[in-house]
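K.L.:
For the sequence shown, full-length UniProt numbering assigns the number 99 to the last residue and increments by one with no breaks. All residues carry an ideal CB built from backbone N, CA and C; glycine is no exception. Because the structure is a prediction, the values reported are computed rather than measured. Dumping the structure here so I can ask a few things about it.
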Amino acid sequence: MPDRLPWFVEKFSLYDEEFYRCLKEVLDKAMATSALDEKTKYLIVLALDIAKGAAEGVRVLAQKAREKGATEEEIKEVVRLAYYVSGMEVIKTSLAAFE
Numbered sequence: 001m002p003d004r005l006p007w008f009v010e011k012f013s014l015y016d017e018e019f020y021r022c023l024k025e026v027l028d029k030a031m032a033t034s035a036l037d038e039k040t041k042y043l044i045v046l047a048l049d050i051a052k053g054a055a056e057g058v059r060v061l062a063q064k065a066r067e068k069g070a071t072e073e074e075i076k077e078v079v080r081l082a083y084y085v086s087g088m089e090v091i092k093t094s095l096a097a098f099e
């Protein structure tokens, strides 16, 4: 379970307490230890935030992954995988310049 929810989720509690509780429940469930351990979940979410360009989330999630035991080599591999997946779209789109 995450130690703290993202600030923007917490802020939602000021505007819609009922929706905030729903968001919190989903996030708690998503990050609860189950088939995947906490470190693995943080590494996956880190890759997703890298791919979507969420710099603040990347900083927070990399630190959380480290706190759960991720090594610098694991962080590097996640960065490479995120680039591999998101960068392929750039390569595919770039072909339009030649066709």
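Kindly list the residues whose CB is nearer than 6 Å to the CB of Tyr15, restricted to its own chain and excluding five residues on each side of it in sequence; keep chain order.
P.N.:
Counting only Cβ-Cβ distances below 6 Å, and skipping sequence neighbours, we find nothing.
K.L.:
What are the boundary residues of the alpha helix (DSSP H) that Asp28 is part of?
P.N.:
Here the alpha helix (DSSP H) through Asp28 covers 17-31.
K.L.:
Under 8 Å, with one C-beta from each stretch per pair, do the stretch 91-98 and the stretch 55-68 reach the 3-pair mark?
P.N.:
Short answer: they don't touch.
K.L.:
Counting Cβ pairs closer than 8 Å, one from the stretch 42-57 and one from the stretch 16-24, do we hit at least three?
P.N.:
The stretch 42-57 vs the stretch 16-24: no contact.
K.L.:
Compute the beta-carbon to beta-carbon distance between Asp49 and Leu36, rounded to the nearest angstrom, for a pair I have assumed lies under 8 Å.
P.N.:
At roughly 17 Å, the Cβ-Cβ gap does not stay under 8 Å, so Asp49 and Leu36 are not in contact.
K.L.:
Rounded to the nearest angstrom, how far is the Cβ of Ala82 from that of Ala51, given a contact under 8 Å?
P.N.:
The pair is a contact, with the Cβ atoms about 5 Å apart (cut-off 8 Å).
K.L.:
For the alpha helix (DSSP H) containing Ser94, name the first residue and the last one.
P.N.:
Where Ser94 is concerned, the enclosing alpha helix (DSSP H) stretches over 72-94.
K.L.:
Anyone know if the C-beta pair for Phe8 and Phe19 falls short of 8 Å?
P.N.:
Result no, Cβ atoms of Phe8 and Phe19 do not sit closer than 8 Å.
K.L.:
Leaving out five residues before and five after Val85 in sequence, what residues of the same chain have Cβ atoms less than 7 Å from its Cβ?
P.N.:
These residues qualify, in order along the chain: Ala51.
K.L.:
Are Ala70 and Lys39 closer than 8 Å when you measure CB to CB?
P.N.:
A contact, by the Cβ cut-off of 8 Å.
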